[in-house]
Each structure stands twice: as structure tokens, then as C-alpha cells.
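Beneath this line is the structure, given in C-alpha cells, with notes to follow.
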Amino acid sequence: MGIVLKQSFTNTLILFLGFAIGGINVLFLYTHFLHEDYYGLNTFLLSTANILLPLLVLGMQHTIIKFYTSYRTKYEQDQFLTSALLLPLFIIIPLAILGSFFYETIANWLSKENNIIKPYTYLIFLTAIFMGYFEVFYAFSKIQYKSVFGNFLKEIFSRICTSILLVGVYLQWITDVQFIYAIVIVYGIRMLIMMFSAFKLYKPDFIIKFPENSKEILSYSFYIILAGSASGILLDIDKFMIPQMEQIAEVAYYAVGIYIASVIAIPSRAMQQIINPLTAKELNSNNLKEVENLYKKSSITLLVAGGLLFLLINLNINDLYAFINKPEYAVGGMIVLMISIAELYKLSLGTNGAILTNSNHYRVFFYFSIAMAISVVFLNRWLIQLLGIDGAALATLIVVLIFSTVKIIYVQLKLNMQPFTKKTILVLTIISILFLIFYSITIPFHPIVNMVLKSLIITIVYIFTIYKLNISEDINVLIKKYFRL
């Protein structure tokens, strides 16, 4: 876990900084500088592009990680990487042609409830291409076990650019409309920087010839496309469906709650950048003992880190909304709680997803993802009509709890390994006790003072308890390095 811990820690710092910048954007700049309709529109466009992303690049960002280490010669590796760059064009070009013929029909359908969407529909496709190829070039870096710069581009670069653009809107340098176009340009620039960085790390000789195992690659890519699309649906379908049933401003209110809760996923996103290719490597070598070791260690480490974030977010949520000082956005308190529970459970799965997508059982990941996507669509349609935007969060929570449990059981049955130990129960007990104790405590000062005081107390108590109980060796090493306990 040495290289995992080192790069994961660096990536975690980048993610925290990125989320801090994003938090300023989401909680203050977007809410105060950009009209809520355009904030909702921006969220809708980016979320829809994210749903399209796996299809447009044929899931190549995952295929690269899965197969690269299986090739033994430079010629084979370069042949494979060249194919990974060219194959998405066989999807992008035909879809672009079809989209131009049926553009009016597509635009009218998407803007049925909110006419503001129609003039910007084509930006969805363009943004999805930029996002998709960014991920492909990022995968080039990951297979060289260099994930930090790509993570910086993904988490910090685009958010800093967004901050500058939002300030530009406030100072009337650009309009709300120009902001929407500028965001798309930012994603295009980010893709180009990632491309140059990836080729600097390793530039393959371009060999326009498909690898001998092309059939296996295409089969894997087909399943990953559908699985990735389904995963994108699970993540973003709520922000796509809300404008079909509610006013687009509701997307803005929902997005703020989702963003706050998504902070819990930071440790997982940091660790997955490096642990996914390592898991693929061990699976390709049939080293199941090390795969299980990574599975258990990642689970407890992520649960401990996510548990602290869960407590800090949910025990400070009322003060946070009071500080934002936008009452219309404060409807998201229950959204934050439900999504943060879902995120915490996903953290406890550790490398479960990496095991499924990089093993011979990758096809079942597709079936799970499709089932999850179908379930969340039906639940969203029912629960949004019943409960509004709270219903969208509840739909996500239900699907995550059910299908995450199914994934754990499947890996246990097929590979005889599962992520949990007695320490898992201990961590959950600590989180529950601290939540119940501090939930009823209110501090009668300014919201910032309240959040700082409560966060300091919770963090000290939590870290001290985790350390003394020796829950995670990796976390204890970090604590000893930065604190004197």
C-alpha cells in the first residue's frame, strides 16, 4: 500500500483543495452571482454530458487500465494505445452526423418544460467529447502510476476557471449566457493540457493496427460502455430528470445539497486514481491474496476517513445553510443526509468496483449497473413527483443500499473475499455515537464560529478514538506523522 498511500494522500489534498474551491463556487459564487435558472442550466448541461461520456469514448478510459499491463512488449502496448485513441471516433463521427439531422427534435424534447435549454442543446455533445477524451488521456497517465497532475486538472483547474468566470459575471465582464459557453471552452482546454501531459509521460508510436485480442477488447468495452452509462445515469439522472418535472431552478437547489454531501467521496476518489490500476495488475497476475489485502485495507481506511467527513458535514449543515444566507437553497438539509449516508456506504466497499471491472466477472458489473440505472429512473419518476427534490435523493439512497450489498455478496461468492472486519462495526459504532451526541448540541454564536468550534471538537475526539483503538494501521501512520499522539 506504499505507493497507494503516498499518491492517495497527495490526491486527497488536491481533492480537498478542489472541493474547497468548488464549495466557494457552489455555495457562494453560483448562488449570488449567477441567476438560478442559468445555474440550473449549467448543472443540467454538465450532468447530461457526463451521462453521454462513456458512450462517446467507448469506455476506453477503463479499457486502457484493464488491458495495458497484460501486454508485454512496447509494440503491443503502443498498438493498443493507438487503438484506444482512434476507436471512439467510430462512435463520435456518426453520432455527430445523426445529431445534426435530428437536432431540432432532440432540442424540443429536452426543453419541453424549460425553454431555456433549447439554444444550448448542442453544447452537451461537445462537452461530452471534451470530458471523454480528458478521461482517456488521464488513463494514459494512470497506467504510468502518475495520477497527481491529472487529478489537479480534474479537480482544481476547472474550478479555478469557473471561479474566475463567475467573478467576471459579477463584474459584468461577461453575461450569464457567455458564462455557459465559456465553461465548455474550459473543458476543451483542460482536455488539451491533459493530452500534452500524457504524451510527455509516455508517447506511444502510432501503430494503426488493431491488437490481436481486439475481440476481447471490444467485448469488454461494450460492457463497460453500458455499465459506465448506467453509472452516469445513477450519478446524474436526477439532475437530468428534475427539469423534466420541476422548474429548472430546483436543479440549482438540489445541486448545492448534492455537492455538500459529495465531499464524503473525496477519499475514495483520491485512492481510486492509483488503486484501480494496481488492482488490475494483481488480477492480471492472479495474485488474489494481494487483491484481498487491498480490498480490506481500502475499505477500513475509506470508512474511517469518510466517517469523519460524514460527521462534520451533517452536524454543521444548519449553520452552513445559515451562513450561505440564501433561504431558497436551505431546502437541501435532508438531501445532504440521505446522499451522505449513500456515499459512506459506498466508501465501505473499498475496491469492490475495481475488482468487478478488472476481473473476469466484469460482465456482471454491467448487469448490476443496468439494473441500478433502471431502478433509479423508475424511483426518480415516482419519488420526485411524490416528494420533489427530496424524492430524487431518496431514490439514490435506496438504489445504493440495495445494489452495493448485492455487489459485496457477489464478490464473496465468486472470489471468497469481502471487505468487512470486526473493526468495520467498531468504526460505525463510533460514528453513530458521535452523531447522536453532537446532533442535539447547538452553539449560539455566528455560524462560522459554530462550525469551527464544533468541527474542532468532533475531529479531535474522532481522531483520538480511532488512533487509540488502532482501527487502521495506514491511518495511524499518517496520524503519527502529522500529530503527536
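Going from the sequence shown to the numbering used here is simple: count from 1 and add 8. Glycine is no exception: its CB is placed at the ideal position from the N, C-alpha and C atoms. Keep in mind it's a predicted model, so treat the numbers as computed, not measured.
As assigned by DSSP and simplified to three states, the class of residue i
i: I256; result: coil
i: N478; result: coil
i: W390; result: helix
i: Y303; result: helix
i: Q180; result: coil
i: Q152; result: coil
i: L21; result: helix
i: L357; result: coil
i: H495; result: This structure cannot settle anything about residue 495, because the visible part of the chain is limited to 9 through 493.
i: L42; result: coil
Beta-carbon contacts of residue i that lie in its chain and below 6 Å, excluding the five residues immediately before and after
i: I438; result: T473
i: V144; result: V65, M68 and Q69
i: A115; result: K126 and T129
i: I417; result: none
i: K431; result: I308 and I479
i: Q152; result: L209 and Y210
Inter-residue spacing [alpha-carbon to alpha-carbon] between residue i and residue j
i: L291; j: I363; result: 8 Å
i: S155; j: Q280; result: 10 Å
i: T81; j: K289; result: 16 Å
i: I250; j: K150; result: 35 Å
i: P275; j: L310; result: 6 Å
i: Q420; j: V485; result: 29 Å
i: I283; j: T359; result: 8 Å
i: I233; j: F157; result: 26 Å
i: L134; j: L54; result: 10 Å
i: V259; j: I245; result: 11 Å
i: L477; j: L434; result: 9 Å
i: L161; j: N368; result: 32 Å
i: M459; j: L25; result: 18 Å
i: Y210; j: F148; result: 8 Å
i: M380; j: L179; result: 44 Å
i: L395; j: K334; result: 21 Å
i: Q87; j: N221; result: 11 Å
i: V175; j: L37; result: 7 Å
i: I188; j: K354; result: 32 Å
Beta-carbon proximity list for residue i, same chain, < 7 Å, skipping 5 on both sides
i: V414; result: F376
i: F142; result: R198, M199 and M202
i: S119; result: I125 and K126
i: V469; result: L442
i: D184; result: L42, H43, Y46 and V177
i: L345; result: N322
Whole-angstrom C-beta distance between residue j and residue i, which should lie under 8 Å
i: Y231; j: R371; result: 5 Å
i: L323; j: F446; result: 5 Å
i: T71; j: A92; result: 6 Å
i: Y261; j: G341; result: Incorrect: roughly 11 Å between the Cβ atoms, too far for contact.
i: I191; j: N58; result: Not quite, the Cβ-Cβ distance comes to about 13 Å (not below 8 Å), so this is no contact.
i: L302; j: I272; result: Contact flag wrong, Cβ pair sits at about 21 Å.
i: I466; j: L296; result: No, I466 and L296 are not in contact; Cβ-Cβ is about 38 Å, not under 8 Å.
Cutoff 7 Å: residue i Cβ touching any chain B Cβ
i: A362; result: Absent here is chain B; the protein component of the structure consists of one chain.
8 Å CB neighbourhood of residue i in its chain, flanking five on each side removed
i: I347; result: G265, I266, A269, S270, A401, T404 and L405
i: I96; result: Here the sequence assigns Pro to residue 96, which means Ile is not the residue at that position. Cβ within range, chain order: L64, V65, L66, M68, G140, Y141 and V144.
i: E298; result: E290
Heavy atom of the ligand GTP within 6 Å of residue i beta-carbon
i: S119; result: Among the ligands in the structure shown, none appear at all, so the ligand GTP cannot be discussed.
Please specify which runs of the alpha helix (DSSP H), each continuous and at least 4 residues long, are wholly inside the segment 419-462, giving them in chain order.
-> Listed in chain order, the complete alpha helix (DSSP H) runs (minimum 4 residues) inside the segment 419-462 are 430-447.
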